[in-house]
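Here's the structure we're looking at; comments come further down.
Chains as they are written, first to last, in this note's numbering: chain R, 175 to 345; chain L, 11 to 510.
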């Protein structure tokens, strides 16, 4: 491959979008971040490891691997990234994050249906009536199985005491 | 010999307790269910069910997880045969002739022979494990820290390089996995490392959360990409019992498949995936009329099915005897052992004999269960194929959320699983495989410990790894292997085998 090829716009485009180029960038970012995070930890010596020795050594390893993959991709670009659809992972991730945020303050009774509905957005083939019914059904089943049968310590309905005390005050 | 008998008797007393029988049954049923459903593999399932094991004892949870593993293999074959959709990567080969048999009205015979072959293979492989485990651990127990470090290094590298994916990327994932394992409190100085200030990370990233996100949920996201080919239909099955002629034709393939599978299962790398391919190729070469293969030859079902089950079974040997996971499922098993406070390695057999032998005997019981319980249930499994993915997916997400939360009653873990799902999916899309990441993560702690011990012994000199003869040999083998893998021709051959 001549140097003229390496500089051409087409070539530039093909390697900027190649899977390996992006993979290399991702590794450099992750490795760089871990090196930054572990910079304050004592390194110690080989005979007596400090807490920072392994994180830094491994972070450096990730950076080197990233650099290798990146350079290789510039010399010989490989396939583009195909079918990268963010909708699925974003909403699956969001369903879990919303569950995490709502479970303590509102209980399973709110967190479960929310998680099901948000996960439903992840799928292009969701039929909303069906998913709404599923949300209700699964929530009821989970409260029954996990709350009453298995007695997991998941907050089910944390407002119950609050409502009870409120009604007693009102009476 | 009588010692072996004593061991098996001990194992039987553990595995046959009502509780463990029930867990074994549950695992087999769950595994079959998952194996039948396309789009969710057994690695994904085991990773998503890891939180369950927090509330069980170590033997029980490992018995259940193992049941899921071989149940899934079996369920995967069921869909391969009935609808030509392999539920598991290990049963792709089964689809070749199994589905042709089904189209000719012999689905029952194909299912029957695959169950019988799997059972025979499972039985022989279990005996092999019982016989090999003790001598292997006796060798390994003599290993010093440097030798053990080199052994672990060899195990993780070979396993990662023999599975899918480009070599540099696999190595990058191993290192990244080990890097993730260092998050949390330092073993000796108790200084928190790279916790980003989150107190929830001081104990280390929970293995189940990482596995659930990067394996389970990321795989769900990948299934979401292709809306067209994820639901499947069912067909008629026919009589389940193979004829005498079927059995006669299958006897040889079953035994040869078992032998191939047993050997490939012990070696690092994806034995359960490679074994059926090798067995199919062998049977085709041995056949009087190779042209029947691909058109419903029962040998093409019996051999590979026995091979994948034998390999699934014997891949427990390096895990149980040495603490080295040979593939992704074994990495999950190792994680589950650690979560339950069992320190993997050659000492397990002495320190927790009831765990060790109970586990081994339960494998055989599990195979028996698959034979007598699953065959009559095939009708139900087929109906389950009709549950649409759009219903399954949100349900699985919810169960994952509850599972992640209930391990430590920690909302943070649920959010972390979501984050790992997104990262895992992105890494897959960039051509990285999650398996080496998980391998690096589960083995990272042990390697760190051995590395430190070795370097303390040598007062900081790295030369100890080449001065100790066992370690030097292991490192040389690893290096040789790496060089061979980098030869383009070998790599292409591996890609052919793995991708087929």
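Quick reminder that beta carbons are idealized off the backbone N, C-alpha and C, glycines included.
Please go through the stretch 437-504 of chain L and give each complete beta strand (DSSP E) segment of 3 or more residues, from N-terminal end onward. none
What residues from the stretch 437-469 of chain L come within 7 angstroms of chain R, judged by C-beta to C-beta, listed N to C? 439, 440, 441, 442, 458, 462, 465, 466 and 469
According to DSSP, is residue 225 of chain R part of a helix, a strand, or is it coil? For the purposes of this step, residue 225 of chain R is taken as residue 51 along the first chain, with counting starting at 1. Residue 225 of chain R falls in the coil class under three-state DSSP.
At the 9 angstroms Cβ level, is residue 502 of chain L part of the contact set with chain R, yes or no? Along the second chain, read from residue 1 onward, the residue named residue 502 of chain L stands at position 492. So, not an interface residue.
Return the bridge partner residues of residue 254 of chain R from the DSSP annotation. As a working mapping, residue 254 of chain R is identified with position 80 in the first chain. BP columns for residue 254 of chain R point to R/192.
So which of L/79, L/56, L/36 and L/14 has the shortest CA-CA distance to residue 323 of chain L? Here residue 323 of chain L refers to the residue found at position 313 when the second chain is read from its first residue. With distances taken between Cα atoms, residue 323 of chain L lies closest to L/79.
With 16 other CB atoms within 10 Å as the buried threshold, where does residue 253 of chain L fall? Reading the second chain from its first residue, position 243 is the one you call residue 253 of chain L. Classification for residue 253 of chain L: exposed.
Restricting to runs no shorter than 3 residues, where is the beta strand (DSSP E) found entirely within the stretch 295-335 of chain L? none
What residue ranges within the stretch 33-71 of chain L form continuous alpha helix (DSSP H) runs of no fewer than 4 residues, ordered along the chain? 52-59
Inter-residue Cα distance where the pair is residue 228 of chain R and residue 201 of chain R: Stepping through the first chain from its first residue, residue 228 of chain R is reached at position 54. Stepping through the first chain from its first residue, residue 201 of chain R is reached at position 27. If you take the alpha carbons of residue 228 of chain R and residue 201 of chain R, they lie about 17 angstroms apart.
Contacts of residue 201 of chain L in chain R (Cβ-Cβ under 7 angstroms): As a working mapping, residue 201 of chain L is identified with position 191 in the second chain. Near residue 201 of chain L (Cβ distances below 7 angstroms), the residues of chain R are 215 and 225.
Whole angstroms are fine: how far does the CA of residue 93 of chain L sit from the CA of residue 114 of chain L? For the purposes of this step, residue 114 of chain L is identified with residue 104 of the second chain, where counting begins at 1. For the purposes of this step, residue 93 of chain L is identified with residue 83 of the second chain, where counting begins at 1. In a straight line, the C-alpha of residue 114 of chain L is about 13 angstroms away from that of residue 93 of chain L.
Quick check: the Cα distance between residue 440 of chain L and residue 416 of chain L, rounded to an integer number of angstroms? On the second chain, position 430 is the one that residue 440 of chain L refers to. On the second chain, position 406 is the one that residue 416 of chain L refers to. Answer to the nearest angstrom: the Cα atoms are 32 angstroms apart.
If you reduce the DSSP assignment to three classes, tell me which class residue 398 of chain L lands in. For the purposes of this step, residue 398 of chain L is taken as the residue at position 388 of the second chain. Of the three classes helix, strand and coil, the one that applies to residue 398 of chain L here is coil, per DSSP.
From residue 181 of chain L to residue 325 of chain R, what does the alpha carbon distance come to, in whole angstroms? Counted from its first residue, the second chain places residue 181 of chain L at position 171. Counted from its first residue, the first chain places residue 325 of chain R at position 151. The straight-line gap from Cα to Cα measures roughly 43 angstroms.
Use the C-beta contact count for residue 196 of chain L: other C-beta atoms within 10 angstroms, 16 or more gives buried, fewer gives exposed. Here residue 196 of chain L refers to the residue found at position 186 of the second chain. Buried, because 16 or more other Cβ atoms sit within 10 Å of the Cβ of residue 196 of chain L.
Below 8 angstroms, can you find three or more Cβ-Cβ pairs linking the stretch 478-486 of chain L to the stretch 144-157 of chain L? yes
Under 9 angstroms, Cβ to Cβ, is there at least one residue of chain R near residue 497 of chain L? Reading the second chain from its first residue, position 487 is the one you call residue 497 of chain L. With 9 angstroms as the cut-off, residue 497 of chain L does not count as an interface residue toward chain R.
Count the other CB atoms, across all protein chains shown, that sit within 10 Å of the CB of residue 435 of chain L; report buried if there are 16 or more and exposed otherwise. The count along the second chain starts at 1 and reaches residue 435 of chain L at position 425. Residue 435 of chain L is buried by the Cβ-count criterion.
Continuous alpha helix (DSSP H) stretch holding residue 232 of chain L: start and end: Taking the first residue of the second chain as position 1, residue 232 of chain L is located at position 222. It spans 228-235 - the alpha helix (DSSP H) in which residue 232 of chain L sits, taken as one unbroken run.
State the DSSP-derived secondary structure class of residue 203 of chain L, mapped to helix, strand or coil. Here residue 203 of chain L corresponds to residue number 193 of the second chain, with the count starting at 1. Strand at residue 203 of chain L.
Below 9 angstroms between beta carbons: does that hold for residue 248 of chain R and residue 208 of chain R? Mapped onto the first chain, residue 248 of chain R falls at position 74. Mapped onto the first chain, residue 208 of chain R falls at position 34. No, the pair does not count as a contact, with Cβ atoms beyond the cut-off.
Quick check: what's the CA-CA separation for residue 169 of chain L versus residue 141 of chain L? Indexing the second chain from 1 puts residue 169 of chain L at position 159. Indexing the second chain from 1 puts residue 141 of chain L at position 131. Answer to the nearest angstrom: the Cα atoms are 24 angstroms apart.
Using CA coordinates, which residue listed in L/235, L/396, L/399 and L/321 is at the minimum distance from residue 288 of chain L? The residue given as residue 288 of chain L occupies position 278 in the second chain. Nearest C-alpha to residue 288 of chain L: L/321.
One or two residues paired with residue 195 of chain L in a DSSP bridge: In the second chain, the residue the question calls residue 195 of chain L occupies position 185. Answer is L/202.
Can you tell me which of L/125, L/14, L/356 and L/421 puts its alpha carbon nearest to the alpha carbon of residue 88 of chain L? By 1-based counting over the second chain, the position of residue 88 of chain L is 78. The option with the nearest alpha carbon to residue 88 of chain L is L/125.
Could you name the residues of the same chain whose beta carbon sits closer than 6 angstroms to that of residue 369 of chain L, not counting the 5 residues immediately before and after it, in chain order? Residue 369 of chain L sits at position 359 when you count from the first residue of the second chain. Excluding residues within five positions, the ones whose Cβ falls inside 6 angstroms are 72.
Residue 287 of chain R burial status per 10 Å Cβ neighbour count (16 or more: buried): Along the first chain, read from residue 1 onward, the residue named residue 287 of chain R stands at position 113. Counting Cβ neighbours within 10 Å, residue 287 of chain R comes out buried, since at least 16 surround it.
What does residue 212 of chain R reach in chain L if we use C-beta pairs closer than 9 angstroms? As a position in the first chain, residue 212 of chain R is number 38, starting the count at 1. Those are 192, 203 and 204, listed as they occur along chain L.
Do residue 167 of chain L and residue 338 of chain L have their C-beta atoms within less than 9 angstroms of each other? What you label residue 167 of chain L is simply residue 157 of the second chain in a count that begins at 1. What you label residue 338 of chain L is simply residue 328 of the second chain in a count that begins at 1. Going by C-beta atoms, residue 167 of chain L is not nearer than 9 angstroms to residue 338 of chain L.
Per-residue DSSP class, three states only, for residue 355 of chain L: Your numbering for residue 355 of chain L matches position 345 in the second chain. Residue state, collapsed to three classes: coil.
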